[in-house]
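Peer 1: Residue numbers (our numbering), protein chains in the order written: chain A, 217 to 471; chain B, 1016 to 1305. Beta carbons are placed, not taken as given, at the ideal position from N, Cα and C, and that holds for glycine.
Written out as structure tokens, the structure is:
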């Protein structure tokens, strides 16, 4: 091999490595650019509308047989709220827990667990899909959210139902929100039982939202208050949910 | 090998009156093919890299309707302490430095499945990776649909990708495999036609891997599961669809590697010119060993 050949090879290798490095650095700068990120988020309404177009308002999530259930349903997110008031309720078996229903409603409610337990319950064996990628199949039972919203006389001005929760991540309270289509969907329930037992603290006792056509972070646990709203602006971080505010997860989590 | 001009697919008809032979500059790739090629090259890169970041959030794959940490995974990327590994079935391969554990640009030791240089974004963000992946999914599916419609209309598929019985004969396929293994590629006019290995791999990507990766992607959407429950049945459940999505994406990456190797071996400058400008110089006779 002549020195010239070695030189050329080194040069070519250098050019290749340099181009690769520049490309990576350039890509990184593009990916980190906030306006690029904002432009890509411009596709969110397209995701939402096409999802609604294909699946409609009433299509049901798949329901499974008891034999399909996960042997172990993993707990995720907060598994024990820090608040002393919550822990006192837990110690007392949630006997004094009250669910507040307010906002754009004709008749604000405060329902005790005993009252909620008398409402007609829907039982469904469904799949829980975490945004991370895993899935677990479990059995949930509780009143349909629609029953409670009708009882409270939710206003036609309401566009979102917000769930205020008892758990928090540091200073940020957990909350979630869904639109009226999912709020009135027949499989949207406030579960007070899971796998034929009272809901455990790890899974969100005493009340957990099941909104079966969306990902796990929408399934708010430890629900204290259900609020009907016209807009999500001005509420906590303004993006409609804890993970939406804290880490930029999409508000519509049907994908 | 001599090929009569009328044997050429209609798509490769050209206007030069003089006989074509080695060295002639001819029209090779249509505008539709070139536009789609580059749109798709960028899109696949974004989809693969953002997909690896999404995988990082839960680097385990399962078969069936459900699958989480307590369930058996058929593939897993993880770490024992600081030693990274890739496990497929019961086979565990040490991958420290590349998969499972690796050093980032700042020299910091990171415990994540895929390294920062291979992912979008570079540092862990499932939320941003999803924003990229779901936005570019529209480009992937939209461009593929347009290209397919355009290529049926201009008869690119019928003329250039149709596999004849003679081509599909095992002897012909074996002949092409041995020619490729010896790095003896067609010369002259014969180089204008896709050989059987090219046709098979392009068809596998166009009509196999790309539709599979799109459909299995859709099957991971809980809302589409409600509207298109047939897809769940077809793929055997959401976790099976997720596994098949990863396998199809790996297939696309394998195609990319072979594709690049072939471009380099066949003459990178001529090949790049033809996929950018459409013009291609017919390769001359190779030097035969005496």
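(1) So residue 335 (chain A) is in the alpha helix (DSSP H); what residue range does that whole segment cover?
(2) So, does the CB of residue 356 (chain A) fall closer than 8 Å to a CB anywhere in chain B?
(3) Is DSSP giving residue 1290 (chain B) helix, strand or coil here?
(4) Who are the neighbours of residue 345 (chain A) on chain B, taking C-beta pairs under 7 Å?
(5) Can you tell me the Cα-Cα spacing of residue 231 (chain A) and residue 238 (chain A), whole angstroms?
(6) Is it the case that the Cβ atoms of residue 431 (chain A) and residue 408 (chain A) are separated by a distance below 8 Å?
(7) Would you call the region 1203–1214 of chain B and the region 442–456 of chain A touching, i.e. three or more CB-CB distances under 8 Å?
(8) Name the residue from A:319, A:332, A:355 whose alpha carbon lies nearest to the alpha carbon of residue 413 (chain A).
(9) Closest Cβ-Cβ distance between residue 256 (chain A) and chain B: below 8 Å?
(10) Can you find a C-beta in chain A that's less than 8 Å from the C-beta of residue 1183 (chain B)?
(11) Indicate whether the contact test is met: 3 or more Cβ pairs, each with one atom in the region 1188–1203 of chain B and one in the region 1141–1151 of chain B, closer than 8 Å.
(12) Can you say whether residue 1097 (chain B) is buried or exposed, counting buried as having 16 or more other CB atoms within 10 angstroms of its CB?
(13) Helix, strand or coil, according to DSSP, for residue 217 (chain A) in the structure here?
(14) Helix, strand or coil for residue 313 (chain A)? Go by DSSP, reduced to three states.
(15) Quick one: Cα of residue 305 (chain A) to Cα of residue 347 (chain A), how far?
(16) Exposed or buried, residue 267 (chain A), counting other C-beta atoms within 10 Å across all chains shown (16 or more means buried)?
(17) Please state if the CB of residue 1220 (chain B) and the CB of residue 1267 (chain B) are separated by a distance shorter than 8 Å.
(18) Touch check for the region 1055–1063 of chain B and the region 1263–1283 of chain B: three-plus C-beta pairs under 8 Å?
(19) Could you say if the region 1066–1079 of chain B and the region 1120–1136 of chain B meet the contact criterion of at least three C-beta pairs nearer than 8 Å?
(20) Compute the Euclidean distance between the alpha carbons of residue 1053 (chain B) and residue 274 (chain A), then round it to the nearest angstrom.
(21) Along the alpha helix (DSSP H) that carries residue 1213 (chain B), what are the first and last residues, could you check?
(22) Looking at the secondary structure, which residues open and close the beta strand (DSSP E) in which residue 383 (chain A) lies?
(23) Is residue 431 (chain A) helix, strand or coil by DSSP?
(24) Out of B:1042, B:1288, B:1277, point me to the one whose CA is closest to residue 1194 (chain B)'s CA.
(25) At a CB-CB cut-off below 7 Å, which residues of chain A make contact with residue 1127 (chain B)?
(26) Name the residues in the region 421–434 of chain A whose C-beta lies less than 8 Å from a C-beta of chain B; which are they?
(27) Have a look at residue 1071 (chain B) and residue 1127 (chain B) and give me their C-alpha separation to the nearest angstrom.
(28) By DSSP, does residue 1177 (chain B) sit in helix, in strand, or in coil?
(29) Can you tell me which of B:1050, B:1106, B:1168 puts its alpha carbon nearest to the alpha carbon of residue 1290 (chain B)?
(30) Taking buried to mean at least 16 other C-beta atoms within 10 Å of its own C-beta, is residue 312 (chain A) buried or exposed?
(31) Are the region 361–370 of chain A and the region 394–402 of chain A in contact at 8 Å, needing three or more beta carbon pairs?
(32) In chain A, which residues lie less than 8 Å from residue 1136 (chain B) when you measure between Cβ atoms?
(33) By Cβ distance below 8 Å, which residues in the same chain neighbour residue 1304 (chain B) in space, the five residues on each side in sequence not counted?
(34) Going by C-alpha to C-alpha distance, which of B:1038, B:1041, B:1099, B:1140 sits closest to residue 460 (chain A)?
(35) To the nearest angstrom, how far is the alpha carbon of residue 271 (chain A) from that of residue 1296 (chain B)?
(36) Whole angstroms is fine: what's the gap from residue 439 (chain A)'s alpha carbon to residue 287 (chain A)'s?
Peer 2: In this structure, then:
(1) Taken as a continuous stretch (DSSP letters only), residue 335 (chain A) belongs to no alpha helix (DSSP H), as it is neither H nor E.
(2) It does not; no Cβ of chain B falls within 8 Å.
(3) Correct three-state label for residue 1290 (chain B): helix.
(4) Within chain B, the residues 1237, 1253 have their CB atoms less than 7 Å from the CB of residue 345 (chain A), given in chain order.
(5) When rounded, the separation of the alpha-carbon atoms in residue 231 (chain A) and residue 238 (chain A) is 10 Å.
(6) Not in contact: residue 431 (chain A) and residue 408 (chain A) (Cβ atoms no closer than 8 Å).
(7) No: fewer than three Cβ pairs fall under 8 Å.
(8) Nearest of A:319, A:332, A:355 to residue 413 (chain A), Cα basis: A:355.
(9) At least one CB of chain B lies nearer than 8 Å to the CB of residue 256 (chain A).
(10) Chain A contact via Cβ: absent.
(11) Touching, no, given that fewer than three Cβ pairs across the two stretches are closer than 8 Å.
(12) With fewer than 16 other Cβ atoms inside 10 Å of its own Cβ, residue 1097 (chain B) counts as exposed.
(13) Only weak support exists for where residue 217 (chain A) lies, its pLDDT of 43 falling under 50; the coordinates are left without a value.
(14) Looking at residue 313 (chain A) - three-state DSSP - the assignment turns out to be coil, as it is neither helix nor strand.
(15) Approximately 30 Å, taken between the alpha carbons.
(16) Per the 10 Å Cβ criterion, buried.
(17) Yes, Cβ-Cβ distance for residue 1267 (chain B) and residue 1220 (chain B) is below 8 Å.
(18) Short answer: they touch.
(19) Enough Cβ pairs lie closer than 8 Å, so yes.
(20) The C-alpha of residue 274 (chain A) is placed about 40 Å away from the C-alpha of residue 1053 (chain B).
(21) Membership of residue 1213 (chain B) in the alpha helix (DSSP H) is indicated by the continuous run 1211–1218.
(22) Bounds of the beta strand (DSSP E) holding residue 383 (chain A) are 376–385.
(23) Looking at residue 431 (chain A) - three-state DSSP - the assignment turns out to be coil, as it is neither helix nor strand.
(24) Between residue 1194 (chain B) and the set B:1042, B:1288, B:1277, the nearest pair of CA atoms involves B:1277.
(25) Within chain A, no residue comes near residue 1127 (chain B); the closest Cβ sits about 13 Å away, beyond 7 Å.
(26) Closer than 8 Å at the C-beta level to chain B, one finds these residues of the region 421–434 of chain A: 428, 429, 430, 431.
(27) Answer to the nearest angstrom: the Cα atoms are 6 Å apart.
(28) Correct three-state label for residue 1177 (chain B): coil.
(29) The residue with the shortest Cα to Cα distance from residue 1290 (chain B) is B:1050.
(30) Sixteen is the threshold: since fewer than 16 other Cβ atoms of the shown chains lie within 10 Å of the Cβ of residue 312 (chain A), the residue is exposed.
(31) Yes, since at least three Cβ pairs between the region 361–370 of chain A and the region 394–402 of chain A fall closer than 8 Å, the two stretches touch.
(32) Proximity of chain A to residue 1136 (chain B) at the Cβ level (cut-off 8 Å) is accounted for by 244, 247, 248, in chain order.
(33) Annotation note: pLDDT 49 at residue 1304 (chain B) (below 50); position unreliable, coordinate value reported separately. Within the same chain, residue 1304 (chain B) has no close Cβ partners at all.
(34) Of the residues B:1038, B:1041, B:1099, B:1140, the one whose Cα lies closest to the Cα of residue 460 (chain A) is B:1140.
(35) Whole-angstrom Cα-Cα distance: 51 Å.
(36) The alpha-carbon separation between residue 439 (chain A) and residue 287 (chain A) amounts to approximately 26 Å.
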